[in-house]
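Using the numbering used here, the first residue of the sequence shown is number 1, and each one after it goes up by one.
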Amino acid sequence: MNDWAGIAWLVVLLVFNAFFVGAEFAVISARRSQIEPLAEKGSRSAKTALWAMEHATLMLATCQLGITICSLLILNVSEPAIHHLLAAPLELTGWPVAAVDAVAFVIALVLVSYLHVVFGEMVPKNLAFSLPDRAVLMLAPPLVWVSKVFRPVIVTLNWIANHVVRLFRVEPKDEAASTFTLDEVATIVNQSRIEGVLDDAAGTVSAVVEFTDKKAKDAAVPLSALVTLPETTTASEIERAVAKHGFSRYVIVDDAGVPVGYVHLKDVLRVAETSADAHVERSIPAKRIHRMVPLLETTDLEDALALMRRAGRHLAQVRDDQGNTTAVLFLEDIIEELIGEVQDATRRAR
Numbered sequence: 001m002n003d004w005a006g007i008a009w010l011v012v013l014l015v016f017n018a019f020f021v022g023a024e025f026a027v028i029s030a031r032r033s034q035i036e037p038l039a040e041k042g043s044r045s046a047k048t049a050l051w052a053m054e055h056a057t058l059m060l061a062t063c064q065l066g067i068t069i070c071s072l073l074i075l076n077v078s079e080p081a082i083h084h085l086l087a088a089p090l091e092l093t094g095w096p097v098a099a100v101d102a103v104a105f106v107i108a109l110v111l112v113s114y115l116h117v118v119f120g121e122m123v124p125k126n127l128a129f130s131l132p133d134r135a136v137l138m139l140a141p142p143l144v145w146v147s148k149v150f151r152p153v154i155v156t157l158n159w160i161a162n163h164v165v166r167l168f169r170v171e172p173k174d175e176a177a178s179t180f181t182l183d184e185v186a187t188i189v190n191q192s193r194i195e196g197v198l199d200d201a202a203g204t205v206s207a208v209v210e211f212t213d214k215k216a217k218d219a220a221v222p223l224s225a226l227v228t229l230p231e232t233t234t235a236s237e238i239e240r241a242v243a244k245h246g247f248s249r250y251v252i253v254d255d256a257g258v259p260v261g262y263v264h265l266k267d268v269l270r271v272a273e274t275s276a277d278a279h280v281e282r283s284i285p286a287k288r289i290h291r292m293v294p295l296l297e298t299t300d301l302e303d304a305l306a307l308m309r310r311a312g313r314h315l316a317q318v319r320d321d322q323g324n325t326t327a328v329l330f331l332e333d334i335i336e337e338l339i340g341e342v343q344d345a346t347r348r349a350r
């Protein structure tokens with residue numbers, strides 16, 4: 001082969017090697033959350049990228065095969081060409097043939113290794129890490145095409161590799177990790193605040209992260225701190241309670257002081273509408289008393305929120321392991337855990 005043809009092959013092989021390296025890091029670095037919206041809009045490259053991410057081990061096997069072949073060809077084709085080009089001028093020094101060959105070999109090896117490592121490995125790796133979403137959209141389609149062309153070889157090699165991995169009692173995965181654990185999210189938020197790239201002065205982001213660790217008892221109001229009314233309470237008594245405390249909802253308790261439900265200010269208005277005299281002394285009808293959602297103290301706060309939303313209730317009855325009611329959980333107290341203090345619309349500012 002002509003020496004200059006060997007140099008041309010060096011450039012071509014470096015490009016192919018860079019492609020496989022960039023594609024490998026792009027597939028494992030890109031996030032589904034960034035690619036899925038594009039796929040839903042009909043982007044073919046995004047759909048192909050998602051397929052590649054879902055078959056990560058197959059794509060990595062394709063990349064490794066391509067990198068290995070390119071590396072071997074660079075060593076066996078390009079190095080001899082550079083060696084031969086360097087030998088001619090080195091012979092003019094009058095050195096022995098063995099010395100000329102040794103020096104030419106070392107220079108050729110160092111030069112080829114430098115070009116291979118920098119332009120064939122490090123540059124595409126850094127680009128793929130810096131722009132993973134753009135890289136996967138550009139590199140995944142040709143990578144998938146290569147994997148289909150050489151599928152029998154790649155599937156066989158991947159099958160062998162997976163069985164070797166299982167010998168170490170590790171189950172191989174086909175899809176690259178696309179989600180973060182709660183601890184990872186908390187670490188990201190904390191580090192971002194330290195570095196000044198996240199402004200969370202109100203603490204909302206941190207509250208969302210901590211929200212899933214809290215239980216119903218952490219946000220519930222103990223019975224001793226509640227403003228309660230008896231089952232025999234009347235519309236006028238509720239009006240007086242609203243005037244005194246300013247709350248729009250009141251817990252109704254039985255003779256033993258155990259919560260049996262709650263009433264809303266609008267229930268008073270409904271009772272008044274059914275009477276000629278709005279202030280008639282009559283007990284609130286049982287049908288106007290809303291039942292509370294039963295919860296355990298150890299119920300996750302996010303599960304408590306889901307149950308209350310599903311039942312359409314603003315209050316929940318919190319019980320201990322023995323079934324005794326210990327507190328009442330208000331929907332607004334759950335919301336306060338996320339966004340800060342929520343003021344009752346009917347409560348006067350003090």
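Backbone N, C-alpha and C define an ideal beta-carbon position, used for all residues, glycine too.
Residue i, enclosing beta strand (DSSP E) - first and last residue
i, result
"Arg32", "Not the beta strand (DSSP E): Arg32 falls in the alpha helix (DSSP H), residues 32 to 40."
"Gly261", "259 to 264"
"Ala327", "325 to 330"
Residues near residue i by beta carbon distance below 7 Å, same chain, minus five either side
i, result
"Gly158", "It is Asn, not Gly, that sits at residue 158 in the sequence shown. For Asn158, where only same-chain residues beyond five positions count, the Cβ hits under 7 Å are Thr57, Leu58, Ala61."
"Leu90", "Val100, Val103, Ala104"
"Leu226", "Val251, Val328"
N- and C-terminal bounds of the alpha helix (DSSP H) containing residue i
i, result
"Pro89", "79 to 91"
"Gln64", "56 to 73"
"Thr233", "No alpha helix (DSSP H) holds Thr233; DSSP gives it neither H nor E."
"Ile154", "151 to 167"
"Lys287", "Run containing Lys287: none; DSSP gives neither H nor E here."
"Phe20", "3 to 29"
"Phe129", "123 to 130"
Under the three-state DSSP convention, the category residue i falls into
i, result
"Asp300", "strand"
"Val251", "strand"
"His279", "Confidence in His279 is poor, its pLDDT being 47 and thus under 50, which makes the residue's placement unreliable; the coordinate value appears in the next sentence. Here His279 sits in coil by DSSP."
"Lys217", "helix"
"Leu295", "strand"
"Arg313", "coil"
"Val318", "strand"
"Pro96", "coil"
"Pro142", "helix"
"Pro222", "strand"
"Ile334", "helix"
Local Cβ density within 10 Å of residue i, reported as buried at 16 or more and exposed below that
i, result
"Arg249", "buried"
"Gln317", "buried"
"Leu86", "buried"
"Ile160", "exposed"
"Ala98", "exposed"
"Pro222", "exposed"
"Tyr262", "buried"
"His163", "exposed"
"Thr298", "exposed"
"Ala304", "buried"
"Val118", "exposed"
Neighbour flag for residue i against chain B, beta carbons, 8 Å
i, result
"Ser45", "In summary, chain B is missing from the structure at hand, where a single protein chain is found."
Close beta carbons around residue i, own chain, < 8 Å, minus the five adjacent residues each side
i, result
"Ala5", "Ala81"
"Ser283", "Glu231, Thr232, Thr233, Thr234"
"Gly257", "Leu223, Thr228"
"Leu111", "Ile82"
"Val77", "Met1, Gly6, Trp9, Leu10, Leu13"
6 Å CB neighbourhood of residue i in its chain, flanking five on each side removed
i, result
"Val260", "Ile252, Asp254"
Do three or more CB pairs link the segment 31 to 41 to the segment 124 to 131 at distances below 8 Å?
Short answer: they don't touch.
For the 8 Å Cβ check, are there 3 or more pairs between the segment 10 to 20 and the segment 62 to 76?
A contact exists between the segment 10 to 20 and the segment 62 to 76.
Segment contact flag, the segment 258 to 270 with the segment 232 to 247, C-beta cutoff 8 Å, min 3 pairs:
yes
Does the segment 130 to 144 come close enough to the segment 45 to 53 that 3 or more CB-CB pairs lie under 8 Å?
Per the Cβ contact rule, the segment 45 to 53 is in contact with the segment 130 to 144 (3 or more Cβ pairs under 8 Å).
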